[in-house]
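To start, the structure itself, in structure tokens.
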Amino acid sequence: MSYPGVQLPLRYFPQGDPYAHRSQPSDHQLYRRGAHPSCVNSMSDLLMVREVAMMILMDRLTDKPDWHKKIFDKAIVDKWRDEALTQPEDALYARIVDGKDTTKIPKPRCRIMSPACFDYCIQELRCKAAFFKQTGLVYTLNTRENNIIKSDTVVSADVHNALRAAFGKLRAAQAADPDWHPWTNEVVLDLVHPSLYPFVYGQTKFIPDEVVGVIDAVDKWAGKGEPVPKTPPIDSPLAGRRDIPNSFWSDTYQWLPANLAFNPDGTVRFTSYINNLHPKRHAEIYGVIEKLVDIAVPAWECALTGGVQFTHRVQFNDAYDMKGLPVSRFDQAPEAWDEDTDSPFFWEPLDPQLLAATEKQNGPLPFNDYELSNCIKYDNFPEGLSDQEIRERAIAQLKWRGIRDPVLTEPIDFSPLEYSCRDRLGQKFKETGLQVIVKMATIELTPDKPEFPVGGWHIEGMMNEHIAATALYYLDSENVTTSSLSFRMQTDGDQEELVGRAAQDDYEYYERLFGTSLGPVRGSPGPCLQNYGDVETRQGRLIAFPNVFQHRVSSFKLEDPTKPGHRSFIALWLVDPHQRTISTANVPPQQLDWWAEAVFGSSGTAAGEPQSPVKGQMPPEMLQILLEQGVGKGLKLSGHVLSSLHSRLPAEVVDMVRAEGKLAEGLMTLDEARQHRVALMQERTDFHERSESEWNDTEYSFCEH
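The structure is reproduced here in structure tokens:
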């Protein structure tokens with residue numbers, strides 16, 4: 000087995016063929032990642048304002064109880080149609096263009112959600128309903144290759160209740176010393192978090208073979224192995240990496256995934272321990288997390304390689320690729336040349352009454368003499384008009400161009416869709432299994448701390464964690480307001496095909512059509528980012544998505560500000576199965592208190608647990624050194640162990656051990672682990688800020704062609 004950072008370069012990242020089908024990696028091609036604009040095939044298509052509105056509408060409709068039945072009820076659909084076609088659209092448009100310069104792209108006066116758009120949504124949802132009835136999964140905010148999956152039904156009541164019991168047990172276990180996540184003002188409580196006791200290059204013990212299991216992890220393997228040398232800093236980009244900054248990989252830290260194998264029946268089992276979840280003390284929690292991974296696997300399959308195929312092949316046109324897969328719900332944007340500046344095919348015709356009313360309310364609209372001269376010279380005016388009449392019409396036309404609406408295109412004719420997944424993880428990776436990073440946390444709000452702030456835009460993990468997809472399960476919400484996850488993606492800054500359809504420096508129509516600034520004319524170009532919308536993070540919901548989506552959590556607060564509230568969730572991060580990474584199968588547990596408990600015994604030892612042959616044989620001086628190193632915070636020694644600590648060591652040996660500073664190599668005290676966590680978090684904060692800067696600084700360039 001070859002691992003990046005060991006047998007392979009730390010920054011090993013074979014991106015594969017940039018022209019390969021984006022959702023179907025070959026055996027030697029990784030799943031897509033969206034950390035940087037240079038990550039191959041990590042770009043979203045530029046989506047029209049109307050398409051994003053349709054995606055948001057479909058997400059809202061699939062939040063309704065029994066939506067998969069109601070979608071076939073004409074009376075209910077008619078009611079939904081009336082609501083969709085009459086409700087205010089200010090908030091909808093603001094969400095679609097969030098983060099964009101709205102002075103260049105004001106909200107159109109016409110309806111964004113048209114009858115044709117609504118009808119298309121209903122037909123698409125009826126196809127999604129068929130898939131939901133089979134799987135319990137809902138494609139939402141999805142384009143052909145970029146899929147978000149949600150479900151309120153796939154996690155059974157038994158699994159849900161078992162997870163609640165697990166969270167309760169873990170919270171009780173740290174009641175005396177809560178592990179508040181740093182920099183959260185004691186609001187986020189970490190129950191299991193990969194940033195604690197991470198893999199530390201140059202320090203953490205590593206075993207080349209994947210031999211560390213679950214039950215034997217502490218007793219048999221703690222302290223064994225050899226450190227992996229730290230990779231020297233690199234200043235220049237590496238071949239095949241294009242211009243992804245070296246700092247997007249950490250040469251100091253890595254989150255540790257746990258390994259899972261596929262059983263003959265297709266379910267999974269952990270074959271190595273979960274970092275920071277004691278494998279014996281919490282053995283039953285391993286079992287329930289295995290069940291949650293079983294549930295997440297089909298959602299990951301759909302998120303990574305799912306999509307739609309037509310039940311009947313359609314004739315190729317601009318909206319479809321050569322395989323008959325829909326690239327968009329809309330045909331490609333029409334060509335708009337100089338002679339189309341005022342074409343009613345693209346623009347709302349001059350409305351003298353609206354123009355007069357606008358000027359009456361806001362004052363005279365501006366125009367410049369150069370544009371007026373060109374308009375008089377090149378525009379077509381009816382014969383027989385005087386020069387003054389031509390001038391007045393030209394001025395009116397120029398003023399109108401400043402307030403007119405674009406003609407928003409309608410969706411293509413709908414054809415039946417069949418949803419499917421092209422890769423089955425259990426089949427494709429049957430022999431190697433999966434690697435998953437686990438996080439369990441709860442957000443605790445109080446009257447003194449009543450609000451959780453909006454998060455920052457990010458993708459999951461640094462590049463050397465090779466995270467391909469996320470699954471989030473929202474376990475419990477009490478006395479907190481509704482919250483959601485927002486999603487967006489990178490887009491191609493060149494947009495060569497669209498540039499070829501526009502006249503030189505005349506792309507305003509496309510800016511209004513797509514809801515973004517495409518170049519420097521009339522302002523600054525916008526960032527190459529495509530908003531997708533939001534998915535509510537309600538209790539009992541599973542959400543899965545590939546690691547090409549930038550996402551952030553919305554703010555939320557206490558519903559009743561006089562009472563406490565909380566939101567609990569578990570995150571499962573799937574490591575790209577195409578590339579094995581260092582895991583807990585290679586890295587024995589680093590928790591010094593786990594090792595000490597295994598050596599000395601504990602009053603909390605489970606009945607029937609095999610006893611270590613050295614339990615009770617450690618001299619009391621060793622115990623004193625362990626206590627000095629902070630192990631005593633989590634160590635509960637039984638009375639018979641304390642009474643049997645009869646051996647004594649010469650004073651010079653004790654001084655020698657104390658001078659070495661560590662009783663057992665390859666282990667960390669809790670204080671040391673927390674220091675590493677803060678350093679790791681600072682490194683990731685810098686990474687997220689650099690990523691955000693790269694995303695926002697990459698702008699559209701419709702200036703020369």
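End of the sequence shown = 704 in numbering that gives the first Met the number 0, gap-free, step of one. C-beta: ideal position from N, C-alpha, C; glycine also.
For the beta strand (DSSP E) containing W179, list its first residue and its last residue. Translated into positions along the sequence shown, residue 179 becomes position 180. Note, W179: premise wrong, no beta strand (DSSP E); not H, not E.
Please classify D26: does DSSP put it in a helix, a strand, or coil? Residue numbering aside, residue 26 sits at position 27 when the sequence shown is read from its first letter. Per-residue confidence for D26 stands at a pLDDT of 47, beneath the threshold of 50, marking its modelled position as unreliable; the derived number appears in the next sentence. D26 falls in the coil class under three-state DSSP.
Going by Cα to Cα distance, which pick from R143, N530, T304 is closest to R487? Here the question's residue 487 lines up with position 488 in the sequence shown. Taking only the C-alpha atoms, the option nearest R487 is N530.
On the CB-based measure, 16 or more other CB atoms within 10 Å of its CB, does K438 come out buried or exposed? Position 439 of the sequence shown, counted from the start, is the residue given in the question as residue 438. Burial state of K438 is buried, judged by a 10 Å Cβ sphere holding 16 or more other Cβ atoms.
From which residue to which residue does the alpha helix (DSSP H) around Q549 run? Position 550 of the sequence shown, counted from the first residue, corresponds to residue 549. Here Q549 belongs to no alpha helix (DSSP H); instead the beta strand (DSSP E) covers 549-552.
Taking only the alpha-carbon atoms, compute the straight-line gap between S372 and D350 and give it to the nearest angstrom. Taking the sequence shown and counting its residues from 1, the one referred to as residue 372 is at position 373. Taking the sequence shown and counting its residues from 1, the one referred to as residue 350 is at position 351. Approximately 22 Å, taken between the alpha carbons.
Assign Q253 to one of three DSSP states: helix, strand, or coil. Counting from 1 along the sequence shown, the entry for residue 253 is found at position 254. Secondary structure of Q253 (DSSP, three-state): strand.
Compute the Euclidean distance between the alpha carbons of A595 and L91, then round it to the nearest angstrom. For this step, residue 595 is matched to residue 596 along the sequence shown. For this step, residue 91 is matched to residue 92 along the sequence shown. Cα to Cα, the separation comes out at about 57 Å.
Please report the straight-line C-alpha distance between A282 and P576, rounded to a whole angstrom. Numbered from 1 along the sequence shown, position 283 holds the residue referred to as residue 282. Numbered from 1 along the sequence shown, position 577 holds the residue referred to as residue 576. Computed Cα separation, rounded: 25 Å.
With the cut-off set at 9 Å, would you say I565 and E443 are in Cβ contact? Against the sequence shown, residue 565 aligns to sequence position 566. Against the sequence shown, residue 443 aligns to sequence position 444. Ile is not the amino acid found at residue 565; the sequence shown has His there. Yes, these two residues count as a Cβ contact at 9 Å.
Compute the Euclidean distance between the alpha carbons of R540 and P228, then round it to the nearest angstrom. If you number the sequence shown from 1, residue 540 lands on position 541. If you number the sequence shown from 1, residue 228 lands on position 229. Using only the alpha carbons, I get a separation of about 42 Å.
Is it true that the CB of L60 sits closer than 9 Å to the CB of D534? Locating residue 534 in the sequence shown gives position 535, counting from the first residue. Locating residue 60 in the sequence shown gives position 61, counting from the first residue. Correcting the residue type first, residue 534 is Val in the shown sequence and not Asp. No. Outside cutoff.
Paired residues, beta bridge with P188 - DSSP: One-based indexing of the sequence shown puts residue 188 at position 189. In the sequence as displayed, the identity of residue 188 is Leu instead of Pro. According to DSSP, which records beta bridges pairwise, L188 is partnered with W179, T441.
What are the uninterrupted segments assigned as beta strand (DSSP E) that are 3 or more residues long and contained completely in the segment 407-491, given in chain order? Note on the segment 407-491: whole beta strand (DSSP E) runs with a minimum of 3 residues are 416-420, 433-444, 466-477, 483-490, in chain order.
Sort V406, N361, L424, S419 by Cα distance to K398 and report the nearest one. The count along the sequence shown starts at 1 and reaches residue 398 at position 399. Closest by C-alpha distance to K398, out of V406, N361, L424, S419, is N361.
Cβ pair count under 8 Å reaching 3, the segment 100-117 against the segment 400-412: In short, these stretches touch, since the Cβ pair count reaches three.
Leaving out the 5 sequence neighbours to the left and right, which residues in its chain are closer than 7 Å to A83 when beta-carbon positions are compared? By 1-based counting over the sequence shown, the position of residue 83 is 84. The residues are L56, M112, F117.
Using a Cβ-Cβ cut-off of 8 Å (strictly less than) and excluding sequence neighbours within five positions of A216, which residues of its own chain qualify? Sequence index remark: in the sequence shown, residue 216 carries index 217 (1-based). If we look at A216 and ignore the five residues flanking it on each side, its Cβ neighbours are S271, Y272, P278, T583, P587, P588.
Compute the Euclidean distance between the alpha carbons of T697 and S476, then round it to the nearest angstrom. To locate residue 697, count along the sequence shown from 1; it is residue 698. To locate residue 476, count along the sequence shown from 1; it is residue 477. Taking C-alpha positions only, T697 is separated from S476 by approximately 38 Å.
Could you give the first and the last residue of the continuous beta strand (DSSP E) run that contains V574? Within the sequence shown, numbered from 1, the residue matching residue 574 stands at position 575. Going by DSSP, V574 is part of the beta strand (DSSP E) stretching over 564-574.
At the level of alpha carbons, what is the spacing between T684 and K376? As a working note, residue 684 is residue 685 in the sequence shown. As a working note, residue 376 is residue 377 in the sequence shown. Rounded to whole angstroms, the gap between the alpha carbons of T684 and K376 is 57 Å.
For N267 and A257, which I take to be in contact (beta-carbon distance under 8 Å), what is that distance rounded to the nearest angstrom? On the sequence shown, residue 267 is found 268 positions in, with the first residue counted as 1. On the sequence shown, residue 257 is found 258 positions in, with the first residue counted as 1. In the sequence as presented, Asn is not what sits at residue 267; that position holds Val. Not confirmed; about 11 Å, so no contact.
Would you check if the distance between the CB atom of Y200 and the CB atom of M667 is smaller than 9 Å? In the sequence shown, the residue the question calls residue 200 occupies position 201. In the sequence shown, the residue the question calls residue 667 occupies position 668. Not closer than 9 Å, so no.
Should V296 go down as buried or exposed, given a rule of 16 or more other Cβ atoms within 10 Å for buried? Locating residue 296 in the sequence shown gives position 297, counting from the first residue. Flag for V296 reads buried.
Nearest to P415 by CA position, among E496, E693, C126, V479, is which residue? Position 416 of the sequence shown, counted from the first residue, corresponds to residue 415. If we check each option's Cα against that of P415, C126 comes out closest.
Whether G522 touches D100 by CB criterion (9 Å): Position 523 of the sequence shown, counted from the first residue, corresponds to residue 522. Position 101 of the sequence shown, counted from the first residue, corresponds to residue 100. Judged by beta-carbon spacing, D100 lies within the 9 Å limit of G522, meaning their Cβ atoms are closer than that value.
Around the Cβ of S327, are there at least 16 other Cβ atoms within 10 angstroms (buried) or fewer (exposed)? Start at 1 with the first residue of the sequence shown, and residue 327 comes out as number 328. So S327 counts as buried.
Inter-residue Cα distance where the pair is D157 and L512: For the purposes of this step, residue 157 is taken as residue 158 along the sequence shown, with counting starting at 1. For the purposes of this step, residue 512 is taken as residue 513 along the sequence shown, with counting starting at 1. One C-alpha to the other measures close to 48 Å.
Backbone secondary structure at I147 - three-state DSSP: Within the sequence shown, residue 147 is the residue found at index 148, counting from 1. In the structure shown, I147 sits in a strand (DSSP, three-state: E or B).
Whole angstroms are fine: how far does the CA of Q494 sit from the CA of Y699? Along the sequence shown, one-based indexing puts residue 699 at 700. Along the sequence shown, one-based indexing puts residue 494 at 495. CA-to-CA, the gap between Y699 and Q494 works out to about 8 Å.
Is there a Cβ from chain B that is less than 9 Å from the Cβ of N258? Chain labels in this structure do not include chain B; a single protein chain is all it has.
Inter-stretch contact at 8 Å, needing at least 3 Cβ pairs: the segment 445-459 / the segment 547-556: Contact between the segment 445-459 and the segment 547-556 is established, with three or more Cβ pairs separated by less than 8 Å.
Buried or exposed: where does E664 fall if 16 or more other Cβ atoms within 10 Å of its Cβ makes it buried? Translated into the one-based positions of the sequence shown, residue 664 becomes position 665. The residue in question, E664, is exposed, as its Cβ has fewer than 16 Cβ neighbours within 10 Å.
Spatial neighbours of R676 within its chain, please: C-beta separation below 6 Å, excluding the five flanking residues on both sides. Counting from one through the sequence shown, the residue named residue 676 turns up at place 677. Same-chain partners within the cutoff: S194, L195.
My guess is that T580 and Q674 are in contact by the Cβ rule of under 8 Å, so how many angstroms apart are they, rounded? The residue labelled residue 580 in the question sits at position 581 within the sequence shown. The residue labelled residue 674 in the question sits at position 675 within the sequence shown. That belief does not hold up - the Cβ atoms of T580 and Q674 are roughly 24 Å apart, past 8 Å.
Would you report the Cα separation of S516 and Y2, rounded to the nearest angstrom? Locating residue 516 in the sequence shown gives position 517, counting from the first residue. Locating residue 2 in the sequence shown gives position 3, counting from the first residue. Straight-line Cα distance between these residues: approximately 43 Å.
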